[in-house]
Structure formats: structure tokens, C-alpha cells
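Chains as they are written, first to last, in the working numbering: chain P, -3 to 213; chain D, -3 to 213.
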């Protein structure tokens, strides 16, 4: 771990870290409000105007933290993605296979909380380099979680397994997007399908060359 | 094969269908040229200017067929997508499993012919509703091909199998995009992995409820 003590700025006053924390807390407060607004009105309608009204602060203050409406929208998506990653990171005392299954369940929970926003953002992510970047970071985060579950660092994944994990994430994203459109199959069956897909893909000889860590048998 | 003799342009009214064919032939000729230009300079640099120079015709004529540079670019992607679907539609006398494997191989061949364009278009498709539409049409086309290979119409696919097929297509797209970035595994192994993934996913109880048509065993 980095020792943050050595980073305390000496130029102004000892209160600088406190001010920084206060700023960060205020930013998070506005962001939390913004996340709630998005699930009501959609990402496109989120603006400094709506946030300032909900927070009872000036629009100028919102613009101080988020220079444009687009910055605000991207910050909300990034915050949501971090919440998602946190929700996927389940009890490390469980087995890799249990964590995988719980992760799939948590992913669908997350999407179900605001399916409209997920659909519009996921289908249109290519329209905005900043959103593409958030999606890429999130996928990297999921790869790192899966690597950790099987006792590896993200950089230690064999190339075939890395490709299998990336391709499974794409499979999950597409499955859930497809499923949201009318829920053609029971949710529980979808979870089992995605879980079995991971068991199969990650234990494929291509991925593990015989190391079937995630295969429960 | 089309009989090009009937395409000889004629000015008189009785030749209206012939004129339509001549227009279509000229459009396709420009489109073929444009596809070649894209693999040299990239989709973004494709313009009426570059096509008119390559074809030795006026820019106005190119604009007559493609009202804007963006229309031209989308038409090229649509043409490429149709070529892709045609290349995936292999010998119907083969078994579904053989057709599936040959289809994976043909898909990778197609991407390898111009990986840069595929990467930029696939990663940025969300930026353009017209491109998103072409991608969606193409995925529909692939679903229909797979349905046909197992003796079903596209509309007859059970909901679980439809979801499995859609999710497999996403898995293939992501795998190939990931693989293009440094080709971390041998091409032949990638084909086998994607083929086995289809065998597994389409024969999953969720997808077929016991009808393991595509499973070779």
C-alpha cells in the first residue's frame, strides 16, 4: 500500500486534505442524487439543472464539479460501474464456482434495478469515447475479479483463458440485453445458463490447457 | 448468374426496368470500388471525392447514388455485411455441425481480410444508428443461417436457443476482436474454441430442452 502521509501537500496549510475530502464528499453527494435522477428520467435528461434543483444548490456549484452535462452523465455511468464491480465482488470465503454464480446473479440484479438506462447506455456506448472507456475499465475489472477468484493476478491469466473470460463477459452482456426484451425465459434459468457457460468456457482445453479450476466436477 | 446483356441502358420508356438495372449495376460498381478504397485508407477517409477519382467519374455522379459521404460509408459497411453473410452460408449438403465450423472459419477469414476496418466499425458502431442497424441486421442474418442449418425457420427458434445463439454471436465477435489484438493464440485453436462453444451453448438444456441437434455425439 502507498503511504499517503508522504503526499500531504505542504504548500498551503495542514487543512488541505480535509478540504479535499470535503470536496470529494460533496461531489459524491451530487453524484448519488444524479444516479437517482437517471433512474427516473433517463441518462439523456440528466443535467446540471435537474441536479441543482434536487440538491437545492446553484447550477454553478454543479458545474464546478462537472464542467458540462456530458461530464455529469459520464461520471454517473462511471459511478454506477464502480457500484456494479463492488456488488460482483462477493464473499471471498466462497469457492470460485460459488463466487461466479453469485456474480452472475448480482449482475442481473444490477441491470434489473434500471434496465432502461443499461439498455440505452450499452447499445449506444460506441457513441462516446468516454463511455467506451468506462465499459472497457469495467470489463477489465470483471476480468480481474475472475482472475482473483481462481487465485491469479489479472496479468497472470494464460492468453486462452483471458480470451475465454472476455468472450464470456460479452456473452453475458448480450444475453441480459436480449433477455430484458420481454424476458423470454425464467430469470433463474438464465442465471444457470450463464453460470454453466462460464464453467464450460473457462474449463475448455483452449482456456486452461487442462487446469479445470472452475469446473465443479 | 445475372445476364448483363439486359442491363444495357436505354432512354425510352419501355426500358424502365432496364434503366433500373443499369442504375443498380453502376451503384454496385461504385460500391465495389469503395470497398477496395476502404481497405486501403480506412472507412473514415472514404468520400465521394476518393471514389470519383478511382472510378474516373464526376463527384456529382457519386453523390447521385450516395447523397453524402456518410451514406457512402454506411452503404459500404452494408455491402460488406452482405458479403459476409454470403460467405457464411456454406454448402447445405454438409451437416449442421460442419456448417457451423466452416462458418466460424469463414467469419475469421472475412475479418482477417481487413481487420482495421472491422475493429473500428465494430467498436464504434454505437456512434451511428445506421451502422447499429447494419450490425443488427447482420446478427439477425446469422441467427437465420444457424436456424436453417438445424432445419428451422428463424421464427421457430425456441426462446432459450435464440438467446443462446445471440449470445454465442456476441462471444464470437468479442473473441475475434480480442484475438486481432496481437493474436495471442493460434488461429486454428481459436476456431476450435468457438466451435466447441457453439456445440456446448446450443446443446445446453436451457437452449434445446434436450434436443441436442448440433451436438456431434
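Glycine included, every Cβ here is placed at the ideal spot set by N, Cα and C. Keep in mind it's a predicted model, so treat the numbers as computed, not measured.
Comparing the C-beta of residue 202 of chain P with each C-beta of chain D, is any distance below 7 Å?
Interface criterion met: the Cβ of residue 202 of chain P is under 7 Å from a Cβ in chain D.
Cβ-based burial, residue 170 of chain P [other Cβ within 10 Å; buried from 16]:
That one is buried.
For residue 130 of chain D and residue 70 of chain D, what's the separation of their Cα atoms in angstroms?
8 Å
Taking only beta-carbon positions, decide if residue 198 of chain P is within less than 7 Å of chain D.
no
With three or more beta-carbon pairs closer than 8 Å as the criterion, would you say the region 175 to 193 of chain P touches the region 153 to 161 of chain D?
yes
Mapping DSSP to helix, strand and coil, what is residue 204 of chain P?
Note: residue 204 of chain P maps to helix in three-state DSSP.
Rounded separation between residue 94 of chain D and residue 147 of chain D - CA only:
14 Å
Cutting at 6 Å between CB atoms, please list the residues of its own chain near residue 161 of chain D, excluding the five before and the five after it.
139 and 142
Does the distance from the C-beta atom of residue 219 of chain P to that of residue 190 of chain P stay below 7 Å?
The requested residue 219 of chain P does not occur in the structure, where chain P is confined to residues -3 to 213.
Please decide whether residue 195 of chain D counts as near chain P, where near means a Cβ-Cβ distance under 7 Å.
no
Could you have a look at residue 255 of chain P and say whether DSSP puts it in helix, strand or coil?
It is not possible to answer for residue 255 of chain P, since the shown part of chain P is limited to -3 through 213.
Closer than 8 Å, Cβ to any Cβ of chain P: which residues of the region 129 to 162 of chain D, in chain order?
155, 156, 158, 159, 160 and 162
In this structure, how does DSSP classify residue 50 of chain D when only helix, strand and coil are distinguished?
Of the three classes helix, strand and coil, the one that applies to residue 50 of chain D here is helix, per DSSP.
Along the chain, where does the alpha helix (DSSP H) containing residue 73 of chain P start, and where does it finish?
65 to 84
Uninterrupted beta strand (DSSP E) stretches inside the region 159 to 201 of chain D (no shorter than 3 residues)
none
How far does the alpha helix (DSSP H) with residue 92 of chain P in it reach, from first residue to last?
92 to 109
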